[in-house]
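Trainee:
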Amino acid sequence: MRQVLRLELEEAKIMIEAARKKAEEIGVLETICVVDDGGYAIALERMNGSRITGVEISMAKAFTASGHKRSTHLFNKEGGPAAVGGEAFGIQQMIPGKFAIFVGGFPVVVNGEVIGGVGVSGGNGEQDTAVGTAALEALQKHLGSEYEVMVEADIKK
């Protein structure tokens, strides 16, 4: 038996608040979703004026990042498993509407374990990455030095 960490509403709200502040700072309207390790939404925020499609897209990005333990853009980059010719080419068709293989989804990794995911939709790749990593940075700040949160764009467990 082992003990596991769980991402809870308090942490999800802190992550979303930091992500929203970053989005406001860089002038982009985003939808941000935080999911647990099973890919189920804990919290979601759609900024006023953001695209209506952002809800489903951010949820798919967070689900994919959590479930497959990697940043979503790593699937489709050259040599990635979902790129043309890759061993998982077409994987996004296996779970229609829930699997995203483009930038904006990041696993939440604490002390080496994936405990959830964050998905961001509304900006370009650079903007979504800045907003997503701001959420991870906020979680690290909240948890303190007792926990180690992976805070980077290219996460692969």
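For the sequence shown, UniProt numbering begins at 1 and goes up steadily by one. C-beta atoms are modelled at their ideal positions from N, C-alpha and C, and glycine is treated no differently. Here the structure is a predicted model, which is why all the values come from computation and not from measurement.
1) Who are the Cβ neighbours of Gly116 in its own chain at under 6 Å, not counting the five residues just before and after it?
2) Have a look at Gly122 and Ala43 and give me their C-alpha separation to the nearest angstrom.
3) How would you call Asn9, buried or exposed, if buried means at least 16 neighbouring beta carbons within 10 angstroms?
4) Since I believe Ser71 is in contact with Asp154 (beta carbons under 8 Å), could you give me their beta-carbon distance rounded to a whole number of angstroms?
5) Give a yes or no on whether the C-beta atoms belonging to Glu30 and Met47 are separated by under 8 Å.
6) Please state if the CB of Leu139 and the CB of Phe106 are separated by a distance shorter than 8 Å.
Mentor: Let me spell this out:
1) Within its own chain, the residues whose Cβ lies closer than 6 Å to the Cβ of Gly116, once the five positions on either side in sequence are excluded, are Leu7, Val35, Asp36, Asp37, Ser66 and Val108, listed in chain order.
2) Cα-Cα distance, rounded: 17 Å.
3) Checking the sequence shown, residue 9 turns out to be Leu, not Asn. Taking all protein chains in view, the Cβ of Leu9 is surrounded by fewer than 16 other Cβ atoms within 10 Å, so the residue is classified as exposed.
4) Yes, Asp154 and Ser71 are in contact; Cβ-Cβ is about 6 Å, under 8 Å.
5) Going by C-beta atoms, Glu30 is nearer than 8 Å to Met47.
6) No. Outside cutoff.
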